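My numbering applies: residue 903 is where the sequence shown begins, and numbers increase by one.
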Amino acid sequence: MFPERFSNLPEYAFPRLRALLDDIEPGGEVTHMTIGEPKHPFPDWVGQVLSENVAGFAKYPPNDGTPELQAAITDWIARRYDVRMDPATQVMPLNGTREGLYNAAMALCPETKNGQRPVVLIPNPFYQVYMIAAISVGAEPMFLPATAASGHLPDFGALSEEVLNRTAVAYICSPANPQGAVASSAYWRDLIGLAERYDFQIFADECYSEIYRDIPPLGALQVAAQMGADPERVVLFNSLSKRSNLAGLRSGFAAGGPESVKRLKQLRAYAGAPLPVPLQAVATRAWSDEDHVIANRALYAEKYAIADEVFAGLQGYASPEAGFFLWLPVDDDEAATLKLWREAGVRVLPGSYFAREVNGHTPGADRIRVAMVAEKDDMRRGLIKLRDCLYAT
């Protein structure tokens, strides 16, 4: 009596980690470096904005977002990417980007592509909602290795014509979670060119776009506009969780062509949950303010420097271009995670927990993901314990 489509899913990453570690005593003071939950302070005006708008909790929120929030988002896109979008028809505020990344497939992925079962392309490792979305719409999820050999981004150009002719959607995360790789202009142009030629949509997950070293990562919408691509070709997703340290606000957005956004809004009207009005007011202020983002980025710059210092000379160490994860090389991801917990009390995630086995190989099985979200002195101690436990010679 239950559906079979989710029957072969592995346990989600964090329950798997608890099953691996929770019965084992930590070998020292515990340092948590697992979940990508920012610990930097969020803007000090959040409480004031909430209190000024608290009466809005008595109202049903508008399905499409308040006009003020729509305008704040499109103004940010214009400042950040030099792309002008209509706030009424080309953006939809989200109750967290996971909602949008899932529902975009529900609203936009066709039942067939060229008379065949559609393919949804997914980088491997990946954010797990991409796979669930593909399975939910009856598409074939196809996992493309995103390893050091491909610059930690999937090589879409290596796909056969048979696959590309069936492709309906390509998910891509840049800056990449967990690897921290950033898509270049040439990479975006190649992918958008393929999408134009083979008529598929790109779902660009750019939630880490505002955490970077020196140069702001290019965005898919930005490059698509420069190319004069079909406005429906790219749907952009972004969030305040990382940019503004407001993970609990559950506020993000989707932006794209008018027809795509229309279909997203229609699905939301039947099956979605828009953000409460007071939280939309906070989001409006957050997208309109860059000072707190610049300060936040400076804190991460200090953390990049600490990681580079701690792991200087480590063979296989690559400092991330962006984001706040380290993707560290190990011989066996679960064995390294167990050793690190048992001997040092440091809790990280095995890299294979973000991936799927394809042709006998699981990308990330030789990596661990380390979140640089703790206060910097705690993070330094954790990284030193990790280095001394796993890499001491």
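Using N, Cα and C, we set each Cβ at its ideal position, and we do this for glycine too.
In this text the structure is predicted, and so the values were computed from the model without any measurement.
Under the Cβ criterion (8 Å, minimum of three pairs), the region 1257-1273 counts as touching the region 1225-1236. Per DSSP, the unbroken alpha helix (DSSP H) holding Arg-1165 starts and ends at 1160-1173. Across the structure, Asp-1057 and Ala-957 are spaced so that their CA atoms are roughly 50 Å apart.
By the CB criterion at 7 Å, Ala-1035 and Arg-1165 fall outside the cutoff. Under a 10 Å Cβ-count criterion, Ala-980 is classified as exposed, with fewer than 16 other Cβ atoms of the shown protein chains found around its own Cβ. Counting only unbroken stretches of 4 or more residues, the alpha helix (DSSP H) elements lying wholly within the region 956-1011 are 969-983, 999-1010, in sequence order. Annotation for Val-948: Val-1184 place their beta carbon closer than 7 Å to its own, counting only its chain and skipping 5 residues before and after. If the five residues before and after Lys-941 are omitted, its C-beta is found closer than 7 Å to the C-beta atoms of Val-1275, Ala-1276, Glu-1277, all from its own chain and listed in chain order.
With a beta-carbon spacing of about 6 Å, Ile-1024 and Pro-1043 fall inside the 8 Å limit used to define contacts. A buried status is given to Asp-1107, since no fewer than 16 other beta-carbon atoms sit within 10 Å of its beta-carbon. For the pair Lys-1205 and Val-1212, the Cα-to-Cα distance works out to about 10 Å.
Annotation note: the region 1001-1069 contains the following uninterrupted alpha helix (DSSP H) runs of length 4 or greater, listed N- to C-terminal: 1031-1038, 1063-1068. The way I'd put it, the region 1054-1071 does touch the region 1010-1017; three or more beta-carbon pairs between them come closer than 8 Å. Linking Leu-1285 to Ala-1209 through their CA atoms gives a straight-line distance of about 7 Å. For the pair Tyr-1114 and Ser-1086, the Cα-to-Cα distance works out to about 14 Å. If you draw a straight line from the Cα of Tyr-983 to the Cα of Asn-1140, it is about 13 Å long. The Cβ neighbour count for Ile-926, taken over all protein chains shown within 10 Å, is under 16; the residue is labelled exposed. Pairwise C-beta distances place the region 1121-1133 in contact with the region 1094-1110, as three or more of them are shorter than 8 Å. Between Tyr-962 and Leu-1177, the alpha-carbon positions lie close to 9 Å from each other. Rounded to whole angstroms, the separation of the alpha carbons of Ser-1221 and Gln-992 is 36 Å. If you draw a straight line from the Cα of Leu-1242 to the Cα of Ala-1051, it comes to about 27 Å. Apart from sequence neighbours up to five positions away, the residues of its chain that approach Trp-1189 with a beta-carbon distance below 6 Å are Ala-974, Ile-975, Trp-978, ordered along the chain.
Within 10 angstroms of the beta-carbon of Val-1260 lie fewer than 16 other beta-carbons, which makes it exposed. The C-beta distance from Phe-908 to Ile-1117 rounds to 40 Å, too long to meet the 8 Å contact threshold. A contact is defined here as three or more CB-CB pairs under 8 Å, and the region 1191-1207 fails this definition with respect to the region 984-1004. Annotation for Ile-1270: the continuous beta strand (DSSP E) segment containing it runs 1269-1273. Per DSSP, the continuous beta strand (DSSP E) segment holding Leu-1228 begins and ends at 1227-1231. Residue pairing by DSSP places Val-1260 opposite His-1263 in a beta bridge. Across the set Val-1021, Leu-1201, Leu-1055, the C-alpha of Val-1021 shows the shortest separation from the C-alpha of Ser-1062. Assignment of Asp-1101 by DSSP, reduced to helix, strand and coil, places it in the coil class. In the structure shown, Asn-910 adopts coil according to DSSP, grouped into three states.
Per DSSP, Val-951 is one residue of the alpha helix (DSSP H) stretching across 948-954. Short of 7 Å from the beta carbon of Val-1084, and not among the five residues preceding or following it, lie these beta carbons of its own chain, in chain order: Ser-1076, Pro-1077, Pro-1119, Glu-1223, Ala-1224. Ranked by Cα distance from Glu-1064, the first of Val-951, Arg-1019, Leu-1055 is Arg-1019. By the criterion of a C-beta distance shorter than 6 Å, Asn-1005 is surrounded in its chain by Leu-1169, once the five residues flanking it on both sides are discounted. CA-to-CA, the gap between Met-935 and Arg-1099 works out to about 42 Å.
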